[in-house]
Amino acid sequence: MDRFDMLAAFVAVADRRGFSAAARDLSMSPPAVTRAVAGLERHLGVTLFHRSTRAVALTDEGAAFLERARAILADLREAEQVVMGGRSVPRGQLYVTAPVMFGRLHVLPVIGALVDAHDGLTARMMLLDRNVRIVEEGIDVAVRIGELADSALRTTRIGSVEQAIVASPAYLAGRGVPRRPADLSDHRCIAGSGVRTGTAWPFGGQGQAPVEIAPRLTVNTVDATLAAAEAGLGIASLLSYQCAEAIAAGRLVRILADHAPPLLPVSLLYDAGRAAMPAVRAFIDAMRERTRHGAW
């Protein structure tokens, strides 16, 4: 087994925390994965995993080696895609990460269309409501919402989203409609994950102090925040694409719209070395096109 196969086995075992699960991902037998990792350990002269009958965990040496192994495999995959696909046809695997709901609503349709259009292309999506290190994880493109920190990565802005304060018609009928942000102190508020994590909700233009809310309920997913607001449990702060369907259906009502803060950019983040990959270029173009059609 060559060195790259050994690296792939090592990374898969680290990701899946087990040899059997890694073998399924790699379409290999568990003994073959075990031999690959053992061969890599012999070559390096270190133990990469603590093994027991119930768990597999990285050693300190294994943890230190993991990011380097990911980067090597990502470079190899990029080189293969350029050679196999030339500079025009998307081929190989496209690896994208995005926020959970945005990814489901607006990235998955783009990925699906690209895979349908190109027989040689496969895709992998990581949907998380937190940022991951895309170079170390071998990710081709990350969809990010909000202002980006300075970095050496390349960015392409493809649109923006609005922050929205919402509540159910039943809640507003029973508790009244707040007319200004300060009125939220007299209301039940739902704190959730994402842009407005915590108890400081921004309003108005830049420089305006955020409003501190005292949440009666705190949840850790957008779906739970939506469900709680629709159930009349309080007022929630969400992004426009997250609550658009509920507002259109009448399950939620937007309030305090005149006090909304500035729009949040939606950007694509990727390493400059991946910009020439046909699959990456095709994905960026398709996301721009979706923006032009007013998808969010």
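Convert by adding 416 to the 1-based position in the sequence shown; the result is the number in my numbering.
Just so it is clear, CB atoms sit at the ideal spot from N, CA and C, and this is done for glycine as well.
Item, Value
"Distance CB(Leu-530)-CB(Pro-506) smaller than 8 Å", "yes"
"Spatial neighbours of Val-449 in its chain, beta-carbon cut-off 6 Å, leaving aside the 5 residues before and after", "Ala-425, Phe-435, Ala-438 and Ala-439"
"For Met-542: DSSP bridge partner residues", "Thr-513"
"Nearest-angstrom Cα separation, counted from Leu-482 out to Ile-555", "15 Å"
"Status (buried if at least 16 other CB within 10 Å, exposed otherwise) for His-522", "buried"
"Simplified DSSP state of Ala-424, which is helix, strand or coil", "helix"
"Element boundaries [beta strand (DSSP E), containing Thr-571]", "570 to 577"
"Environment of Val-611 [buried if 16+ CB atoms lie within 10 Å]", "Residue confidence for Val-611 is low, a pLDDT of 49 falling below 50, so the modelled location carries little weight; the figure read from the coordinates is stated next. Per the 10 Å Cβ criterion, buried."
"Three or more C-beta pairs below 8 Å linking the segment 649 to 657 and the segment 568 to 581", "yes"
"Which of helix, strand or coil DSSP assigns to Ser-584", "coil"
"Own chain partners of Gly-455 with C-beta closer than 6 Å, once the 5 adjacent residues on each side are dropped", "Met-422"
"Cβ pair count under 8 Å reaching 3, the segment 681 to 696 against the segment 548 to 562", "yes"
"Bounding residues of the beta strand (DSSP E) (the contiguous stretch that carries Ala-665)", "No beta strand (DSSP E) holds Ala-665; DSSP gives it neither H nor E."
"Which of helix, strand or coil DSSP assigns to His-522", "helix"
"Local Cβ density within 10 Å of Val-548, reported as buried at 16 or more and exposed below that", "exposed"
"Exposure of Ala-430, with buried meaning 16 or more beta-carbon neighbours within 10 Å", "buried"
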